[in-house]
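Participant:
In this note's numbering, the protein residues as written are 1028 to 1656.
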C-alpha cells in the first residue's frame, strides 16, 4: 500500500517550479499511505511523487520503476501476488519486489499485461516516447486512483486529499449528480455506477479499466480490460463446485498472507472472517482484533471469542460500548476525513476504533486481512432480500426482478421515468423495458452482480482502503480474488439455489476446517441490529441530537454548501427525523450533511487530521484494548 501523486502537462507547455511544488504538497497530504520512503521523479512534462509502505521486497521495490531504455515510468500502489509465477512464465529477471513485474511486463506485453495480474493494484504508467499516460486499476477497484484536469494540467493522486491539496482541484461537491443521478439519497432508486466520487469534475479510474491520456493533445479515453462471465459453468454435482471453491479460497488466503511485514486480522465472528482466520492460522502467527459494541456483545462478539479460542489466535478487543453512545462531532469529522465519502456510518466508526485500539495496544501490523467481498458474490444477502423465506431462492429472484425494474426506470427518459415512479414496478413488462434499455440484463442475478460490483467500489473497497491507510497499513480483502470470484460467478442457474442461497458454497467449503462446525452455521445478521433495535443508528441519532446544529453549520459553511443547503429547513428536518420512531430519512440527512461537511474538511487549507485521541476526542482515547491469549 503506497501513495502516488503526480502532475502532468497537457500540450506543449512544460511544467514549472510551482507544478513541482504542487506535486510535493499532494504527496504530503497522503504521506500516511507511504511513510517508509519517499521518491521524486521530475521531467519536462511530468512531476511524480511516490510514498512507499514497505510490505514486500527491499531496495528493489523503490518506485517509480523505469525500464532499461528509460521509455517507461511506472508507479504501482498495491500487491501483485502472482509476480513470481509471471516471471517464470515470461522468463523475466528475478526480483523480490512484486510490483516491479509491471516494469518488465508492460514493455513486453503492453495493455495485455493487466489481465494476467492477480492481486490488487492501481498503476500510473507513463510512456515518455509516445507521451501517453495509462491509469489502471484491478478488476474490483481495491486500490484507489483519482484524477482531474484543470486547464492544461492533469492531476493524479491515490486519495482525494491528495488531489485537493494541489490547490487547483477544489473539494466542490457535485450536488447535481448527488441529488439526481446516483443512489446517494436512497438505496431504492439510483443508477448503478462504479465511477462515483461525489465531487465535481473529479474522476476515479473504473475497476478493471484503463484510462488512456494523450498528453500531447489532452484526449482522454477509457476501456475495460476485464469482464465477468456469469452462470457459464457446467451443470454437475454441487460438491464439485464446493471442492473447487475450497481450493481457490485456500490459495486466495495463501496469496493474501504473502508479506514480509506484520499481519493482523479483523475477526467479526461471522463466517467470512472466521474462514479467513482458519486458513490464515495455518500460515503464520497473527493477532485477531474484534469490536465489542452494543450491537455485537450478544451476537458477533461471543462468536469471535469462540472462533479465536478454537483456532488458537490471540484476540484483541476494542470496547466501544461507552464511547459509541458519546459520539461527538470530532469523532464524526475523523470518520469523514479518513474515508473521504459521505457514504459512511457506524460500521466505519467501529472499524476505525478497532484499528486504533490495535495500534494503541502496540500491534505493529502493516497488513490487515478482512472478510470483505464474500457476501456480494456468495449469496450473502439472499435470505434477507427474499420476500417469502419459505420460497427461498425464488423469493430472492422476485426481489431482484423488482430491484432491476426500479433501476431501469431511473434510466428512462424524464417523462417516462416520472410516470413510472407512480406505478408499481411489477406492472411493467420486462420485455418492453429491455427494448428501452438494451443493456438491461435478462438474468436478474446478473443484474444483482452488477449492483454488487458497483457497491464494492462505492462502499467496501473505498472504506477498507482509507481506514487501513490512515494507520499506514494495507487492507487485504481476501475474498476479492479474481479466480475465486470467477468460480462463484460461474455457478449455473440450476445450481444457484444449492450453492448461493445464504452462502452455502462457502459454509460447505469451510466447515471441515473449523474447530467448531457451528461457526459455519451462524445466520447472516445485520451488523447494527440486535433484537430488532437499531443500536448502530442510535449512535448516529445521539450524534445528531447533541451536535446536529454544529454539523449543519459545518455543512453550510463551504462555498457550495452555503448556496445549496437551507440551514433552517435542515434543522426542522433534523428534529423531525430524530423524533420519528422509524427514523425515516436518517441516512439521507446524514449523507447530505456529511457531504457538505466534506467540502470544508477536504479543502486544501483544511488542517490535516491524524487518527487518534487528539483528533477523535476523549471517546476514542478511552477504548479498552485487551488482548486475550
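In this text, a Cβ means the ideal position worked out from N, Cα and C, and glycines have one as well.
(1) Return the CA-CA distance between residue 1560 and residue 1283, expressed in angstroms with no decimal places.
(2) Give the DSSP bridge partners of residue 1053, in chain order.
(3) Ends of the beta strand (DSSP E) at residue 1501?
(4) Could you tell me the alpha carbon to alpha carbon distance between residue 1154 and residue 1136, rounded to whole angstroms?
(5) How long is the line joining the alpha carbons of residue 1642 and residue 1629, rounded to whole angstroms?
(6) What are the partner residues of residue 1147, as DSSP defines its beta bridges?
(7) Using DSSP's beta-bridge definition, name the partner residues of residue 1153.
(8) Can you give, in chain order, each stretch of the alpha helix (DSSP H) that sits fully within the segment 1167–1197 and has at least 4 residues?
(9) Per DSSP, what kind of secondary structure is residue 1128 in: helix, strand or coil?
(10) Among all the DSSP beta bridges, which residues are the ones paired with residue 1030?
(11) Since residue 1394 and residue 1501 should fall inside the 8 Å C-beta cutoff, what is the C-beta to C-beta distance between them, to a whole number of angstroms?
(12) Can you tell which of 1514, 1597, 1456 and 1464 has the C-alpha that lies nearest to the C-alpha of residue 1429?
(13) Anyone know if the C-beta pair for residue 1091 and residue 1107 falls short of 8 Å?
(14) Can you tell me which of 1110, 1249 and 1578 puts its alpha carbon nearest to the alpha carbon of residue 1285?
(15) Is the beta carbon of residue 1292 less than 8 Å from the beta carbon of residue 1229?
(16) Just curious, the beta strand (DSSP E) that residue 1532 is in, first and last residue?
(17) Assign residue 1387 to one of three DSSP states: helix, strand, or coil.
(18) How about the segment 1192–1211 and the segment 1127–1145: do they share at least three Cβ pairs that are nearer than 8 Å?
(19) Just list the residues that DSSP pairs residue 1226 with in beta bridges.
(20) I need the straight-line Cα distance from residue 1253 to residue 1166, nearest angstrom please.
(21) Can you tell me whether residue 1125 is buried or exposed, with buried defined as 16 or more other CB within 10 angstroms of its CB?
(22) For residue 1067, is the classification buried or exposed, using 16 other Cβ atoms within 10 angstroms of its Cβ as the cut-off for buried?
(23) Anyone know if the C-beta pair for residue 1537 and residue 1545 falls short of 8 Å?
(24) Would you call the segment 1574–1584 and the segment 1596–1610 in contact, with 3 or more CB pairs under 8 Å?
(25) Could you check if residue 1493 is buried or exposed, using at least 16 other CB atoms within 10 Å of its CB as the buried criterion?
(26) Mind checking residue 1248: buried by the 16 CB within 10 Å criterion, or exposed?
(27) Return the first residue and the last residue of the beta strand (DSSP E) that residue 1237 is part of.
(28) For a minimum of 4 consecutive residues, which ranges assigned as the alpha helix (DSSP H) are wholly contained in the segment 1552–1630?
(29) Could you give the residue range of the beta strand (DSSP E) that holds residue 1346?
(30) Going straight from the alpha carbon of residue 1034 to that of residue 1487, what length do you get?
(31) Could you check if residue 1131 is buried or exposed, using at least 16 other CB atoms within 10 Å of its CB as the buried criterion?
(32) Excluding the 5 residues flanking residue 1113 on each side, which residues of the same chain have their C-beta closer than 8 Å to its C-beta?
(33) Let me know the secondary structure DSSP gives residue 1123 once reduced to three states.
(34) CB residue 1345 to CB residue 1232, shorter than 8 Å?
(35) Quick one: is residue 1586 buried, meaning 16 or more other Cβ sit within 10 Å of its Cβ, or exposed?
(36) Does residue 1358 come out as helix, strand or coil in the three-state DSSP assignment?
Facilitator: Looking at the coordinates:
(1) Residue numbering aside, residue 1560 sits at position 533 when the chain shown is read from its first letter. Residue numbering aside, residue 1283 sits at position 256 when the chain shown is read from its first letter. Its pLDDT being 43, under 50, residue 1560 is placed unreliably by the model, and the measurement read from it follows with that caveat. Near 36 Å, if we compare the C-alpha coordinates of residue 1283 and residue 1560.
(2) By one-based count along the chain shown, residue 1053 stands at place 26. According to DSSP, which records beta bridges pairwise, residue 1053 is partnered with nothing at all.
(3) Locating residue 1501 in the chain shown gives position 474, counting from the first residue. Start and end: 1501–1504.
(4) Taking the first residue of the chain shown as position 1, residue 1154 is located at position 127. Taking the first residue of the chain shown as position 1, residue 1136 is located at position 109. Each residue's Cα considered, the two are about 14 Å apart.
(5) Taking the chain shown and counting its residues from 1, the one referred to as residue 1642 is at position 615. Taking the chain shown and counting its residues from 1, the one referred to as residue 1629 is at position 602. Its pLDDT being 30, under 50, residue 1642 is placed unreliably by the model, and the measurement read from it follows with that caveat. Straight-line Cα distance between these residues: approximately 15 Å.
(6) As a working mapping, residue 1147 is identified with position 120 in the chain shown. Residue 1147 pairs with 1106.
(7) In the chain shown, residue 1153 corresponds to position 126, counting from 1. For residue 1153, which the question treats as bridged, DSSP gives the partners 1100 and 1160.
(8) 1187–1191
(9) As a working note, residue 1128 is residue 101 in the chain shown. Three-state result, residue 1128: helix.
(10) For the purposes of this step, residue 1030 is identified with residue 3 of the chain shown, where counting begins at 1. Partner(s): 1078.
(11) In the chain shown, counting from the first residue as 1, residue 1394 sits at position 367. In the chain shown, counting from the first residue as 1, residue 1501 sits at position 474. Sure, about 5 Å apart at Cβ, within 8 Å.
(12) Reading the chain shown from its first residue, position 402 is the one you call residue 1429. Nearest of 1514, 1597, 1456 and 1464 to residue 1429, Cα basis: 1456.
(13) The sequence position of residue 1091 within the chain shown is 64, counting from 1. The sequence position of residue 1107 within the chain shown is 80, counting from 1. Cβ atoms of residue 1091 and residue 1107: not closer than 8 Å.
(14) Looking up residue 1285 in the chain shown gives position 258. Taking only the C-alpha atoms, the option nearest residue 1285 is 1110.
(15) Counting from one through the chain shown, the residue named residue 1292 turns up at place 265. Counting from one through the chain shown, the residue named residue 1229 turns up at place 202. The answer is no: Cβ separation not under 8 Å.
(16) Residue numbering aside, residue 1532 sits at position 505 when the chain shown is read from its first letter. Element bounds for residue 1532: not the beta strand (DSSP E) but the alpha helix (DSSP H), 1531–1537.
(17) Reading the chain shown from its first residue, position 360 is the one you call residue 1387. Reduced to three states, the DSSP call for residue 1387 is helix.
(18) no
(19) By 1-based counting over the chain shown, the position of residue 1226 is 199. Paired residues: 1200.
(20) For the purposes of this step, residue 1253 is identified with residue 226 of the chain shown, where counting begins at 1. For the purposes of this step, residue 1166 is identified with residue 139 of the chain shown, where counting begins at 1. C-alpha separation (whole angstroms): 6 Å.
(21) One-based indexing of the chain shown puts residue 1125 at position 98. It is buried - the Cβ of residue 1125 has at least 16 other Cβ atoms within 10 Å.
(22) For the purposes of this step, residue 1067 is taken as residue 40 along the chain shown, with counting starting at 1. Exposed, by the Cβ-count rule.
(23) Taking the first residue of the chain shown as 1, we reach residue 1537 at position 510. Taking the first residue of the chain shown as 1, we reach residue 1545 at position 518. Their beta carbons are not under 8 Å apart, which means residue 1537 does not touch residue 1545 by this criterion.
(24) yes
(25) Here residue 1493 is taken as the residue at index 466 of the chain shown, counted from 1. Classification for residue 1493: buried.
(26) As a working mapping, residue 1248 is identified with position 221 in the chain shown. The residue is exposed, with fewer than 16 neighbouring Cβ atoms inside 10 Å.
(27) If you number the chain shown from 1, residue 1237 lands on position 210. First-last of the beta strand (DSSP E) with residue 1237: 1236–1241.
(28) 1562–1582, 1588–1591, 1594–1606 and 1613–1628
(29) Locating residue 1346 in the chain shown gives position 319, counting from the first residue. Start and end: 1342–1346.
(30) Stepping through the chain shown from its first residue, residue 1034 is reached at position 7. Stepping through the chain shown from its first residue, residue 1487 is reached at position 460. When rounded, the distance between both Cα atoms is 28 Å.
(31) Locating residue 1131 in the chain shown gives position 104, where the first residue counts as 1. Residue 1131 should be labelled buried.
(32) Translated into the one-based positions of the chain shown, residue 1113 becomes position 86. Hits under 8 Å: 1107, 1119, 1128, 1132, 1143 and 1144.
(33) To locate residue 1123, count along the chain shown from 1; it is residue 96. Three-state result, residue 1123: coil.
(34) Residue numbering aside, residue 1345 sits at position 318 when the chain shown is read from its first letter. Residue numbering aside, residue 1232 sits at position 205 when the chain shown is read from its first letter. In this structure, residue 1232 does not lie closer than 8 Å to residue 1345 by Cβ.
(35) One-based indexing of the chain shown puts residue 1586 at position 559. Exposed, since its Cβ has fewer than 16 Cβ neighbours within 10 Å.
(36) As a working note, residue 1358 is residue 331 in the chain shown. DSSP places residue 1358 in helix when its eight states are reduced to three.
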